[in-house]
Amino acid sequence: MVDLWATQLFELDWPAWLVTLLIIPDILIRLIALGWVPYRRKPAVGLGWLLAIFFIPYVGIIAFLIFGSSKLPAKRRKDQQTINDLIKAQTGAQAILGKSEHLSEPLRTSAQLNYSLGALPMTHGNSFSLLPDNHEAIRLMAKEVEQAKKFVHVEFYIAAYDSTTAPFFDALKEAAERGVHVRVLVDHIGCVGYPGYKELVKLMDNSPIDWRRSLPVRPWRLEYQRPDLRNHRKIVVIDGEVGFTGSLNAIDKTYNKRANVKKGFEWKDLAIRCTGPVVNELDAVFATDWYSETGDIISDELQLTMEVPNEGGIMAQAVPSGPGFPLENNLRLFNHLVYNANRRVVIVTPYFVPNESLKQALTTEAHSGVDVRIYVSEQGNHAVLQYAQESFYEELMENGVKIFLYPKPTILHSKFILIDDNVTVIGSSNMDERSFAMNMEISLLIVDEGVTSSLYDLEEEAYVPVVKELNIEQWRKRSLKQKYLENVCRLTSSLL
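Here the working numbering runs 220 ahead of the position in the sequence shown, where the first position is 1.
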């Protein structure tokens, strides 16, 4: 390629010095990239960046310098470690608080894995309620905020003030005005551009709400970090007693965009209401993010020394993950659970672009006789991501994985995993490289037959009647144009 370009340049009869000036930096960029880009990166990620640099050297290297690191700045990673060490010291350095003999060996090792990576222990004494309706979940959160007496902590990737969320944000404002300490984190890039965000900023600026933009990208105010590393968590904690998490953003299910309304797009989410010690774990994750943005440790309200019953209630564990951690906490948990499945694996996710380890885990289990089912949207809201996702379907189906498409125009935005009869993972994490490495995520590992059974019921009642199982023979007949786009977009899958 370089030789061809050089030949064309000489044929244009340009001065030799100008040709040299163009060729030498190009060659140097490529040679340096070969030895620099792969350092401590997955081969697929390194190859993706090298392809970009080799095809478009100057643009590619600039993009790499801006987006090439999948870790937050060193200070934020140090802040994360500071909070991790504080939590471990306060919880007695135990992966499971209370009785654990009844747990299977894979579940005990899952708890240890999560504790080692994320610092939060598995606890007894929790209870959960599923909230499969977006707007009803927001109404319930508003009612809980109305009862707040001490503090409310709120963290969302996308938030806007609209007819659906007004009761919630009005309740936050009223709570702050009556003396409740209300703290709010909203992801800066996640919110920008959505109708209702400016109105939300105005409301919070004109109230006693203590709020911050998470991971702000405002270089004119000396606020900058890699712009595609985002805080994707969804957390609400009231008085340390009631918590909410899941896939839900604080916005109307149309996301307030005319194009979505015109196309009939609506996001179908799943939130979960929590009580018990796991609420304090959600609060600890919020406190970590608040500390990173403000430098303030919420010591007076954060209950890290948890009074956990030795047994009884539901066992659960919060699992934070993201570029503030050295490893991919959520991916390692997902792989560990899938490999230990004996009968069933159900994955519901809007974005499914598995890396090699997750793909191997799912296909291995399918070959082992485990019923592996994946529910995704028939039509996504990101074209490149959708094509990349579809590039995996044929290979997965060839290896026994069943794929079900939720009909458009609904975007199936719920995110959960079911393993056998008593293991549930629910939270904000998608099944793609962005959620594994680039987004700050929160998941709950729940060990309970009742919760898992409720989600199987949701699958049976809300998904099965409307989804279409993908047929491999029909899928193979898709157009050459479709296959081409899939293959091109798949090259970017490690970078999405």
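Idealized CB from N, CA, C, for every residue including glycine.
In terms of Cα proximity to S383, the closest of Y417, V374, V372 and V365 is Y417. Under the DSSP definition of a beta bridge, Q537 partners with L665. Per DSSP, reduced to three states, the secondary structure at E548 is coil, with no helix or strand assignment.
Its Cα nearest to that of V404, the residue A507 stands out among A507, A253 and I594.
Below 8 Å, enough C-beta pairs join the segment 333-346 and the segment 524-541 to call them touching: three or more. Taking 8 Å as the upper bound for CB-CB distance, P326 and R359 are not in contact here, some 38 Å apart. For the set P277, I534 and K579, the Cα lying nearest the Cα of H322 is the one of I534.
When DSSP assignments are scanned along the segment 604-644, the uninterrupted stretches of beta strand (DSSP E) that are 3 or more residues long and fall wholly within it turn out to be 622-626, 630-632 and 636-639.
With 16 or more other Cβ atoms inside 10 Å of its own Cβ, K488 counts as buried. The Cβ-Cβ distance between F636 and L490 falls below 8 Å. In the DSSP assignment, T465 falls within the unbroken beta strand (DSSP E) covering V462 to G466. Looking from the CA of Y595, the closest CA among M617, A396, L317 and V499 belongs to M617. For secondary structure counted as the alpha helix (DSSP H) over 4 or more consecutive residues, the segment 662-704 holds these complete runs in sequence order: 669-678 and 692-695. Rounded to the nearest angstrom, the Cβ distance from E501 to L340 is 5 Å, consistent with a contact under 8 Å. Distances from the alpha-carbon of D516 to those of I692, P277 and I303 put I303 closest. DSSP places N601 outside both helix and strand once states are collapsed to three, so it counts as coil. If the five residues before and after D641 are omitted, its C-beta is found closer than 7 Å to the C-beta atoms of E669 and T672, all from its own chain and listed in chain order.
Take M361, set aside five residues on each side of it, and the residues of its chain with a beta-carbon closer than 6 Å to its own are F388, V456 and F464, in chain order.
Leaving aside the five residues that flank L271 on each side, the residues in its chain whose CB is nearer than 7 Å to its CB run, in chain order, L711. In the three-state scheme derived from DSSP, where H, G and I count as helix and E and B as strand, K418 is classed as helix.
Here L449 is actually not in contact with H408; their C-beta atoms are around 11 Å apart, not less than 8 Å. Take the alpha-carbon of K701 and the one of R552: they are about 35 Å apart.
Contact between the segment 569-579 and the segment 639-657 is established, with three or more Cβ pairs separated by less than 8 Å.
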